[in-house]
Amino acid sequence: MQRRSYAGRDDLIAMQRAVQRTWTPNSRWHIGDLAWGRNHVPNMELSWQTSLWEDNNTVTAWGWVTAPGSLDLYLDPAHTELAAEVLAWFEEITATSTEHTVTVMETDTHLIETLEQSAYHPQPDAPFFQHCIINLDDSLAVPLLREGYRLRATRMNEANKRAAAHRAAWRPGRIGELLVPPIDLGDADSAVTTKSYQAVMDTWPYRHDLDKVVEAPDGALVASALGWLDEVNRVGELEPVGTDPRHVRRGLASAVTLSCLLALRDAGATQAVVYPRGDDAYPVARRLYFGLGFQPVARTVTYCR
73 MQRRSYAGRD DLIAMQRAVQ RTWTPNSRWH IGDLAWGRNH VPNMELSWQT
123 SLWEDNNTVT AWGWVTAPGS LDLYLDPAHT ELAAEVLAWF EEITATSTEH
173 TVTVMETDTH LIETLEQSAY HPQPDAPFFQ HCIINLDDSL AVPLLREGYR
223 LRATRMNEAN KRAAAHRAAW RPGRIGELLV PPIDLGDADS AVTTKSYQAV
273 MDTWPYRHDL DKVVEAPDGA LVASALGWLD EVNRVGELEP VGTDPRHVRR
323 GLASAVTLSC LLALRDAGAT QAVVYPRGDD AYPVARRLYF GLGFQPVART
373 VTYCR
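Its first residue numbered 73, the sequence shown is counted upward by one per residue in this note's numbering.
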């Protein structure tokens, strides 16, 4: 078993293939998480350190560290012995950090045991993500829109408009308003740019027909749902979904999400997953997905030392 540092786009695909090879509904990752997470914010690689562990050119583990001391990781269930090695690598490269945090699934018993043996403790009050799943069968509802709005797929030359739609939906100030209780997060803009959204579009397994938007009467894109298809496991993922706050309470989020789910079903998916916040501080997204028929299957837990 050998460790090596992340070296670019081919290694991203290797990380995705590892996730795909061992995916279950309780998995921490979907291949879409990595495509989105590694690309949508420009220049983030400057604050990341990533390593891959390989056995005969097959990735069996990887670690992804965000400064100053946060670890996300993947571990092949057949190689649980690597948990201690990944954790030791993390602690070595973040030795000067005053806090170390690791996020895992509550079902990752092998990882949790290693964390607890290394003096990490769960943070019961920390935000967490609720992993939810839905069957893509004939019970899916038909999306409905108000007159003047229309559903369609993102076009190949629309990275600029698509990035603008994301920024409108994901302004930090708007997210702060939706928290319980509300928090003033300032007037900053979302970090997504035309260039970074184009990078998302250029990353496997992005497909334009699974990137659904709502177009307003004036031609602006005002709601969106990006779907990612894992063809091997026949499972789609929604990441992300958003609505321009100037167009909320018109059913656009439900309509665009249903449109994306139907497109995933047409592309061959039999299930879809989504990972909204599960804690009481941010209930809006969870209500949307539960209302559409998603069911919770597991949640993340953050450990700290």
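Ideal placement from N, C-alpha and C gives every residue a C-beta, glycine not left out. Since the model is a prediction, treat every value here as computed from it, not as a measurement.
Is the beta carbon of G340 less than 8 Å from the beta carbon of E303?
The count along the sequence shown starts at 1 and reaches residue 340 at position 268. The count along the sequence shown starts at 1 and reaches residue 303 at position 231. A contact, by the Cβ cut-off of 8 Å.
Over what stretch of residues does the beta strand (DSSP E) that includes Q195 continue unbroken?
Counting from 1 along the sequence shown, the entry for residue 195 is found at position 123. Neither: Q195 is in no beta strand (DSSP E) and is coded neither H nor E.
Distance, Cα to Cα, T372 vs W95?
Along the sequence shown, read from residue 1 onward, the residue named residue 372 stands at position 300. Along the sequence shown, read from residue 1 onward, the residue named residue 95 stands at position 23. Distance between the alpha carbons of T372 and W95 is about 16 Å.
Can you list, in chain order, the residues of its chain whose CB lies under 6 Å from that of E316, leaving out five sequence neighbours each side?
Here residue 316 refers to the residue found at position 244 when the sequence shown is read from its first residue. Checking the sequence, you will find Asp at residue 316 rather than Glu. Closer than 6 Å at the Cβ level, and outside the excluded window around D316, lie A240, A241, V294.
Assigned secondary structure, V304 (DSSP; H/G/I helix, E/B strand, else coil):
The count along the sequence shown starts at 1 and reaches residue 304 at position 232. Note: V304 maps to coil in three-state DSSP.
Expressed to the nearest angstrom, what Euclidean distance is found between the alpha-carbon atoms of L282 and A191?
If you number the sequence shown from 1, residue 282 lands on position 210. If you number the sequence shown from 1, residue 191 lands on position 119. About 43 Å.
Smallest Cα separation from T253: which of V356, R224, Q92?
As a working mapping, residue 253 is identified with position 181 in the sequence shown. It is worth fixing the name first, because residue 253 is Pro in this sequence and not Thr. Answer by Cα proximity: V356.
Range covered by the alpha helix (DSSP H) that runs through T175
For this step, residue 175 is matched to residue 103 along the sequence shown. Premise fails: T175 lies in the beta strand (DSSP E), 173-177, not in any alpha helix (DSSP H).
Applying the 10 Å Cβ sphere with the 16-neighbour rule, what's the burial state of H172?
Taking the first residue of the sequence shown as 1, we reach residue 172 at position 100. Counting Cβ neighbours within 10 Å, H172 comes out buried, since at least 16 surround it.
Check H203 in the structure and name its three-state DSSP category.
Numbered from 1 along the sequence shown, position 131 holds the residue referred to as residue 203. Of the three classes helix, strand and coil, the one that applies to H203 here is strand, per DSSP.
Mapping the DSSP letters down to three states, classify L139 as helix, strand or coil.
Here residue 139 refers to the residue found at position 67 when the sequence shown is read from its first residue. Just to set this straight, residue 139 is Ala in the shown sequence, not Leu. Coil, per DSSP.
Counting pairs of Cβ atoms below 8 Å between the stretch 204-222 and the stretch 248-263, do you hit three or more?
no
Have a look at E117 and T152 and give me their C-alpha separation to the nearest angstrom.
Here the question's residue 117 lines up with position 45 in the sequence shown. Here the question's residue 152 lines up with position 80 in the sequence shown. Their Cα atoms are separated by approximately 27 Å.
Start and end residues, beta strand (DSSP E) containing W95:
Mapped onto the sequence shown, residue 95 falls at position 23. Element bounds for W95: n/a, residue is neither H nor E.
According to DSSP, is Y66 part of a helix, a strand, or is it coil?
Because the chain in this structure spans residues 73 to 377, residue 66 falls outside the shown range and cannot be described.
Close beta carbons around A271, own chain, < 6 Å, minus the five adjacent residues each side:
In the sequence shown, the residue the question calls residue 271 occupies position 199. Correct list, in chain order: N111.
Give me the residue from L147, C376, Y278, Q121 with the minimum Cα distance to L301.
Taking the first residue of the sequence shown as 1, we reach residue 301 at position 229. Selected option, being the one with the closest Cα: Y278.
Simplified DSSP state of W242, which is helix, strand or coil
Taking the sequence shown and counting its residues from 1, one reaches residue 242 at position 170. Note: W242 maps to coil in three-state DSSP.
With Q367 and L208 assumed to form a contact (beta carbons below 8 Å), what rounded beta-carbon distance in angstroms separates them?
Within the sequence shown, numbered from 1, the residue matching residue 367 stands at position 295. Within the sequence shown, numbered from 1, the residue matching residue 208 stands at position 136. Actually they do not touch by this definition, with Cβ atoms about 13 Å apart.
A156 and L147: beta carbons closer than 8 Å?
Counting from one through the sequence shown, the residue named residue 156 turns up at place 84. Counting from one through the sequence shown, the residue named residue 147 turns up at place 75. Not a contact, by the Cβ cut-off of 8 Å.
Between the stretch 310-330 and the stretch 122-139, do at least 3 Cβ pairs fall closer than 8 Å?
no
With distances taken between CB atoms, is the gap from L330 to A213 smaller than 8 Å?
Walking along the sequence shown from the start, residue 330 turns up at place 258. Walking along the sequence shown from the start, residue 213 turns up at place 141. Yes, they are a contact pair.
One question on the structure: do Q202 and P348 come within less than 8 Å of each other, judged by their Cβ atoms?
Looking up residue 202 in the sequence shown gives position 130. Looking up residue 348 in the sequence shown gives position 276. In contact: Q202 and P348 (Cβ atoms closer than 8 Å).
Cβ-based burial, G314 [other Cβ within 10 Å; buried from 16]:
Within the sequence shown, the letter at position 242 stands for residue 314. Label assigned to G314: buried.
Could you please give me the residues that DSSP links to S77 through a beta bridge?
As a first step, residue 77 is located in the sequence shown; it is residue number 5 there, counting from the start. DSSP output for S77 lists S123 as bridge partner(s).
Could you say which of M87, E126, V91 lies nearest to Q74 if we only look at CA atoms?
Along the sequence shown, read from residue 1 onward, the residue named residue 74 stands at position 2. Cα-wise, what sits closest to Q74 is E126.
First and last residue of the beta strand (DSSP E) that includes L223?
One-based indexing of the sequence shown puts residue 223 at position 151. Taken as a continuous stretch (DSSP letters only), the beta strand (DSSP E) holding L223 covers 222-225.
Would G135 and W161 qualify as a contact pair, given that the criterion is a beta-carbon distance under 8 Å?
Sequence index remark: in the sequence shown, residue 135 carries index 63 (1-based). Sequence index remark: in the sequence shown, residue 161 carries index 89 (1-based). Going by C-beta atoms, G135 is nearer than 8 Å to W161.
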